[in-house]
Structure formats: C-alpha cells, structure tokens
C-alpha cells in the first residue's frame, strides 16, 4: 500500500520546523536567511508560505504516475512501491526534461554547480522503507503534516471535511489531480493562490499518458513505415530496371 | 575583394574568441553563470535554437535523399550531396550544442545503458545517435571518391538502399518526436502551440524547411563558390515548397478550428503577436510569393521566399520552446549574451566546416564545379552568411 502525506493548512502554525527537519534529513544548509526564503530551490526542498496569516506548504507531490519518471531518458527517477518518487544522481545526464515535464515544477537544479544534480523532496525513502514517518511529519507539532497510508489519509481528510464543512474548501487537492498524488492538501484558501497549478488546468489524466499515446504506437510504426519506404524504393527502381531492360531489348531488336 | 576576405576572417575570429570565452564560463563556472536559465525556465536558447531548430534545419538531408533515391527524382541529383553534407554537419553540431546544454555531458553515454522506453527524450536521443551514424555512411562516398577507393565505393553502393530506408525511418521518428517532447506539458505550454498534433506539425515543418533549406544552401553556395545555379532544380524545389507550405498551413488551420481557437488567435495578446509574426513569416509571405509563376522561376525571389520560410519556422520553434512558457512561468526569459555567443560559434563552425568540405571533397558535380575555381575563396565568404542567418534570432 502506498504511503502519503496529508497536509492540513488550517492546522499549520507556520513554525517552519518541517523546513529545518527536512534540511537536516537531507544534509542541506539551514539558517535564518534560508528560512526567510519563500521559494523552493536546490537547497530548499520544502517551503512554508504565508499569505494573510494563512500558511501553505509546498513539496514534491509524489504523483501516482510521475511525469518526471516517464520523461527521464535514462530512468533516473522512479516511484518506489512505498510511494516516494526517488532520484538516482548517477544515471542523470542533466537534460532537465524532468523539470519541464513536472506539472508542479518541483525538480530544481544546482545551477551553480559544475556537476549539477536535480534536487527535490524524495519523501525520506529510507525512513519510509524502514516503516518510519518522514522527517517533516515526525517533527510537526500540530499534526498539520500527517504521514500514513494513502487510503487511510483520504478517509481522514473526507471525515475532516464533513465534520467541519465551514473551515475547509470542499476538496482534497491531490486526490485525483494528474491521476492522484501522494501529497494530499486540505485548506481554507485556494491552493492556487500559493502557486499550485489549478486542478482544472492540470486535469485528472496522468501526464505520462499524453506522451504514452504516441510512444506506444512506435513499435508498430517502425515495421510498417520501413515496409512502405522499402516498397516505394523497390517500385521506383523497378520501373527503371524495366525501362533499362526494354531499351536493351529494343537495341538488340534493331541490331538484328 | 581582399579587404572583404580579411573582414570576414576577423568576424570569424571574433566569434570564435567570444565563443571560447563563453565555453570557459560554461565549463568552469557552470550553467547558472553562462545562461539566464533558472528553475522556472530550465530550457533556454540552446534547446530552442540549437536543438529544435538545428534538427529542423538539417532535415534537407533526408528530404533530398528521399526525393532522389526513394522516389527516383533524377533531376534533383545535384543537390543530394550538399544536402547530406549539411545534414551530417547539422547533426554533429547539434550534438556539440547538447554538450553545452546538458548539465552532466560527461555522462551522455548513460543514454546507451540506462534506457527508459517510456521517455520521448530517450527515443529522440537514440534516433539522433543512430541517424548521425547513418549520415556518416551516406557522407562517406564523398571521401571514398576523393581518394578513389573503388572497392569501398562498390560496398557502400550495395548497402545504400538500407541506409536510405533507415535514414528516412529514423528522421520520421525523431523529427516528429521533438514535437512529442512537449505533449507531456499540457498545463504549461500556451494553447496556441500545445496541441496533440505537435508531432505531426514538427514532421510537416521539417519537410517544408528541408526544401527551403536546400534552396537556401544551393543559392548560397552558388554565390560563394561561383557555381552556376541550376534553375530547373530550384524551380522543382520551389514548387514542392509551395505544396508543403499549403499542407502545413491547412493542418494548422484545421487544428485551431477543431480546438475552437480560431477567434482567440485573432485577439491581441503577448502570445498572439508572436503567433502572428510566425504565421506571417511561415505561411502568408512565402505562399503569396510562391503563388506567382514569376517568383517560382526567379532564383533571387525563390531564395528570398526560402529565407522567409526558414525565419518563419525558426520563429515557430522558438515560440514553442520559449515564448509559449512565459505566461505559465510569469516572467520573460531573455538569453544572456554568452548563450548567444555559444550558439553563434556553433553556427560559424558549421559554415566553416561546410566550406572546408566543399573545397576538399567532390560535394558538387564535377562538370559545373571546375578546376577554374580559385582555391583562395575557401570558406571565408560563407562565414558572412553565418552572421546574417543569426541576425534573425
């Protein structure tokens, strides 16, 4: 069963402890300057944003059908059976197609490095595989970020929505977006205001399907097109051969 | 004449020096220092121009090989070799461009061992690698003939049908797949350019550009090397270009019609201005020009029409790669001068190598390319056009 994170923005107090725990877990620098940065970057996998005293977290959504994994030419990304979408730096050639392909623009790049890596939240895969929570969920003092089985968290989110319909906007962001994600968000304010792509814009179709529809035709296309091209070659040159043979015949005929 | 030669030589040296400086920045200070690419704009001029346009401009190779060897259009025979040479150089330079753009180019060989069959990028990469090899073999007869290697010529003649079919197959695949690359981002690319038909458009534009590029390059090298222009060849190409442009235009119209975009594309907006520019250069001007018989019979006007076509489709690809993302990202991307300088260096290298190849190999038919040609002209006059072509972007 796939693990997931439920982030309830109404419970978040903006303490940013998830940010510092994330930095520690991933051996990233963290200080007051970095804490003040309100955008994600190669050294900040998750960020807590503030708008009108309301908070919102951003992190990799760990899609059920990740576009990055489908786009990567060398398969440097893959989704583990527990849910996290992880990155193998050794394979990466640095084409940055993952960054362009991601609907949530989550992969970030080490632009200043001479051997740059793609950086993003990898949902603490070692901890998750060992049956532990992610670092951010473990440290969260209010339970705004909660770790668990995806199905259980969906049930819980639905429960919260039905129990306090006035507190929340009536939707779980990530439930069906791009085919479902392993980060689910409850909020009283539209997530779009914090830079998340609008649900109707990204839709419920997994992004890899758009390219998959074309890619799956290629194995059939190759033999068919080769035969067509070979056939054209044969016909157009056959005509030449016939013409040459006829000319030859005629020549022989007139010589006789 | 002498002063002019020196002038172009100076221009070439300036381009190379600036390019080498930028290359130094690229490899010793990183991508962030050399370019204006950011996390929001991870693909910039190098993907937009060097890759998307570079591969498109090299399409003349497979179009001409297809016309002459597949469909047996004998009268185009004289342009096959220059077209194959252009394609071969184009793909080599495309790979050189990739070595600048990839963050970890020293691992480019990973493409061959870690394959992800779901990735369009993987398919493009594999096709480009294989096709460059095919082009190398299609180019080899030039070298064999130069050194009069009879057995080698006989052997290549035997495998030529296979090379031809393989080359066209690979070109069909990767020219269209360059468009498929963008299919995975329906929420990011502006609806003027995002369409499920992208692979068809990329293939269609490659055909039109292949024809336009052949007209352009024949005229250009005729000027530079003092060769006689073969009017019947140009007229045939011009007629084919007109048909190709009409087909492209109708497909684009059909696509906008089916997606209900016809009213939107006429509403003024930032994207609309670039779309209008693109459509005017790709379709309106060249189709209008080529519709006149007078134009189709005049080398100068055909040359002009081909330039409009090339600029138009270059605008098209830059719109897809750069302009189409600006609204999503929320800010503009303007390449740094060092990005331009590397692109210009690569183009200049292309013209230089073309000149060298034409001088030392039997690229052009002997009858017309006599020994009377002064050796000193070399590649330098062609470099001028490197600057001219670049002025367009």
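Chains as they are written, first to last, in the working numbering: chain A, 4 to 259; chain B, 454 to 846. C-beta atoms are modelled at their ideal positions from N, C-alpha and C, and glycine is treated no differently. For clarity, every value in this text was computed on a predicted model and none was experimentally measured.
With 16 or more other Cβ atoms inside 10 Å of its own Cβ, residue 7 of chain A counts as buried. Residue state for residue 59 of chain A is assigned as strand, using DSSP reduced to three classes. Looking at the backbone, the Cα of residue 9 of chain A and that of residue 148 of chain A are separated by about 6 Å. Contact residues of the stretch 494–507 of chain B toward chain A are 495 and 496 (C-beta to C-beta distance below 7 Å). Contact between residue 205 of chain A and residue 181 of chain A is confirmed by a C-beta separation of about 5 Å, below the 8 Å threshold.
Scanning the stretch 631–681 of chain B from its first residue to its last, the whole alpha helix (DSSP H) runs of 4-plus residues come out as 651–678.
A:189 is the residue among A:168, A:126, A:42 and A:189 whose C-alpha sits nearest the C-alpha of residue 177 of chain A. Around the CB of residue 681 of chain B, fewer than 16 other CB atoms lie within 10 Å, so the residue is classed as exposed.
DSSP places residue 747 of chain B in the uninterrupted alpha helix (DSSP H) bounded by 746–749.
At least 9 Å separates the CB of residue 29 of chain A from every CB of chain B. Counting along the chain, the unbroken alpha helix (DSSP H) around residue 161 of chain A starts and ends at 153–166. Residue 774 of chain B sits away from residue 645 of chain B, with the two beta carbons spaced by 9 Å or more. Identification of residues in the stretch 220–247 of chain A having a C-beta nearer than 8 Å to some C-beta of chain B yields 221, 224, 225, 228, 229, 232, 233, 235, 236, 239, 240, 242 and 243, given in sequence order. Taking a 10 Å sphere around the C-beta of residue 255 of chain A, we find fewer than 16 other C-beta atoms and assign the residue as exposed. Under the DSSP assignment, residue 780 of chain B falls in the alpha helix (DSSP H) whose first and last residues are 777–782. Per DSSP, reduced to three states, the secondary structure at residue 210 of chain A is coil, with no helix or strand assignment.
Per DSSP, the unbroken beta strand (DSSP E) holding residue 187 of chain A starts and ends at 186–189. Per DSSP, the unbroken beta strand (DSSP E) holding residue 9 of chain A starts and ends at 6–11. A Cβ-Cβ distance of about 12 Å is found for the pair residue 749 of chain B and residue 757 of chain B, leaving them out of contact under the 8 Å criterion. Residue 97 of chain A is a Cβ neighbour of residue 560 of chain B, given a cutoff of 9 Å. Taking a 10 Å sphere around the C-beta of residue 158 of chain A, we find fewer than 16 other C-beta atoms and assign the residue as exposed.
Around the Cβ of residue 747 of chain B, a 10 Å sphere holds fewer than 16 other Cβ atoms; the residue is exposed. Within its own chain, the residues whose Cβ lies closer than 7 Å to the Cβ of residue 91 of chain A, once the five positions on either side in sequence are excluded, are 79, listed in chain order. Under the three-state reduction of DSSP output, residue 88 of chain A falls in the strand class. For the pair of segments examined, the stretch 59–74 of chain A was found to touch the stretch 104–122 of chain A: the number of CB pairs separated by less than 8 Å reaches three. For the stretch 526–543 of chain B, there are no residues whose beta carbon sits under 7 Å from a beta carbon of chain A. Between residue 116 of chain A and residue 483 of chain B, the CB-CB gap stays under 9 Å. Taken through DSSP and simplified to helix, strand or coil, residue 600 of chain B comes out as coil. Taking the CA atoms as reference points, residue 733 of chain B sits about 30 Å from residue 493 of chain B. Just so you know, the alpha carbons of residue 641 of chain B and residue 211 of chain A end up roughly 14 Å apart. At a cut-off of 9 Å, the C-beta of residue 118 of chain A has a neighbouring C-beta in chain B. Residue 47 of chain A is bridged by DSSP to A:44.
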